[in-house]
Amino acid sequence: MKFDWVIVGAGFSGAVLAERIATQKGQKVLVIERRNHIGGNAYDFYDENGVLIHKYGPHIFHTNSRKAWEYLSHFTGWRPHFHKVLAVIDGHKVPIPFNLNTLYKLFSPVFASRIEEKLVARFGFGLRLPILELQKNEDNDLKFIADYIFRNLFCGYTQKQWELNVEELDPSVTSRVPVLISRDNRYFQDKYQGIPKNGYTVMFQKMLDHPEIKILLNTDYREIIEDVKFNRMIYTGPVDAFFDYLHGSLPYRSLSFDFNYYGMEVWQEAGQINYPNEYRFTRTTEFKYLTGQNCPGTTVSVEYPEAYEPGRNEPYYPIPRKVNDEQYELYKNEMGKLNKSVLFVGRLADYKYYNMDQAVVRALSAFEDSDLSN
């Protein structure tokens, strides 16, 4: 069989583009996936105890993009879900991002009230303030709080997550640490938030359920590509691997998980608990909070950041450092030499961390902005 397109990878980027090409252009698409499932890192499944879990860590869909939300809504209903996260700070489990409720849980009412008054007077109520902005304040009380948040909520977590000190990372990482001058305990404040009603995998199955789409799992595209007839390729995998590491390996961070089943209704106080300073792991996730599943027992994942090693684990996060961006630019120059015969799309191909909604928007834009949609 001859295909119009080969798409390498069945995650968000590959699935969105396969669906668009098949339904909007009526062209034949072969999706090749190295792993034994579709859905990329958003893949979920029922474990041996019947609990629906996210294999690669918690995935909560949140977006301000109506376009991304409405597009995915063609393939799934939604369970509304406002994610709540607690962090263990000085022995207390407190809501994050840091907000006024967190303030009162960690400090005396007199001190907390004084800080609240100063924050509201200086910045106004309801503001989402980057920690770097708060640290610039000359008021001693506000500077104390800013340094406390930075030290207790960010530095230790960053060291575990990236195995680098804060100073070694791109400043954009620090700029994303918010302080909420409100009593909003939601982890995200986006307009649209939810979990696919029947799970992510079912949603992906519906996206890829089209007569013009064929899927090959457990397949390294390099092993069969010479035997496949096709016109063009969309590549969503690691860009350095595509070019045989011509300019060296791009660094990533990876994760490993321990999944533990407990014969009780719930095990922890919230869907996610972060441990910025204690232990080697960074967070625990209880999936029933996310999925709303009603079943006996519960499954909790314990998440450990680790170095990425090709062939042993998965590349999760491009490491945000200037030197890595410069290395990626060398690969970007190589892409330009291919005369659009290969389109590179996605977190690994773009060497850029995308939230799920950003991956959807990126793929939709790639379809609309290129000659794919013509």
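One point on numbering: in our numbering, the residue at position 89 of the sequence shown is 89, and numbering is uninterrupted.
The beta carbon of each residue, even a glycine, is placed where N, CA and C say it ideally should be.
Bridge partners of residue i, per DSSP?
i	result
D357	D357 is not bridged to any residue.
A87	V94, N274
I38	Per DSSP, none; premise fails for I38.
Y235	V8, F344
V228	None, per the DSSP bridge assignment.
L330	Answer is none; L330 lacks a bridge partner.
I53	F45
H62	Q193
P318	Y252
Along the beta strand (DSSP E) that carries residue i, what are the first and last residues, could you check?
i	result
F259	252-262
T298	298-307
W5	2-8
I215	213-216
Y46	44-46
Y192	192-196
V415	Residue 415 falls outside the range modelled here, since the chain spans only 1 to 374, and no answer is possible.
L246	Careful: L246 lies outside any beta strand (DSSP E) and carries neither H nor E.
V179	178-180
W78	78-80
Who are the near neighbours of residue i in its chain, counting only those whose CB is closer than 7 Å to its CB and skipping five residues on each side?
i	result
Y351	V239, L250, P318, Y328
V345	S13, L17, I234, T236, R362, A363, A366
D139	K118
F287	V51, L52, I53, H54, T299
L290	P58, I60, H81, I195, G271
A349	Y235, T236, G237, V239
V94	L86, A87, T102, K105, L106
Thinking just about the alpha-carbon of each residue, which of the options is nearest to the one in residue i?
i	options	result
V266	T282, G292, D244	G292
N152	H62, P97, F82, G11	P97
K84	P58, G77, D90	P58
L132	V342, F144, I89	F144
T274	D90, R66, A112	Position check: residue 274 holds Asn in this sequence, whereas Thr was assumed. Checking every option, the nearest Cα to that of N274 belongs to D90.
L338	N101, R232, M203, M356	R232
K191	N198, V345, L364, T63	T63
F242	K28, V342, S256	V342
Q24	D170, D44, T158, M207	M207
N324	D170, A87, D139	D170
Y354	N41, R20, R34	N41
S172	I234, T158, N185, N137	T158
E19	M203, K93, E269, E168	M203
V6	N333, L255, K229	K229
T285	V166, A121, Y331, Q268	Q268
V110	D141, R122, N137	D141
M335	Y43, D244, N36	D244
Y279	Y43, G26, A87, R66	A87
D44	N165, N333, K340, Q205	Q205
M1	T174, D227, R66, G124	D227
Contact check, residue i vs residue j under 8 Å by CB: the rounded distance?
i	j	result
M264	T219	With a Cβ gap of about 41 Å, M264 and T219 do not count as contacting.
V8	I32	5 Å
Y200	G39	6 Å
D357	A68	4 Å
R222	Y316	That pair is no contact at about 22 Å.
S301	I53	7 Å
H210	A22	4 Å
G77	K214	That belief does not hold up - the Cβ atoms of G77 and K214 are roughly 27 Å apart, past 8 Å.
A359	S113	Their Cβ separation, rounded to whole angstroms, is 43 Å, which puts A359 and S113 out of contact at 8 Å.
T282	Q161	6 Å
H74	G194	So it is not a contact: roughly 15 Å between Cβ atoms.
N101	N185	6 Å
R183	N99	6 Å
L106	P178	No, L106 and P178 are not in contact; Cβ-Cβ is about 17 Å, not under 8 Å.
E168	R321	7 Å
For the alpha helix (DSSP H) that residue i lies in, which residues bound it at each end?
i	result
V120	109-123
L129	Premise fails: L129 lies in the beta strand (DSSP E), 128-130, not in any alpha helix (DSSP H).
T291	287-291
W162	156-162
I149	140-149
K105	100-106
Y200	200-207
In chain order, what residues of the same chain have a beta carbon less than 6 Å from the beta carbon of residue i, not counting five sequence neighbours either side?
i	result
N277	G156
L127	I181
K28	F3, D4, E212
N104	Per the sequence shown, residue 104 should be read as Tyr rather than Asn. Answer for Y104: A112, listed in chain order.
G11	G40
L134	A146, V179
L330	H247
H37	Y43
Who are the near neighbours of residue i in its chain, counting only those whose CB is closer than 8 Å to its CB and skipping five residues on each side?
i	result
L216	L30, V31, I32, E33, I224
D47	I53, F259, Y261, T299
L255	Y56, G57, E303, Y304, P305, E306, N313, E314, Y316
N137	R122, K143, A146
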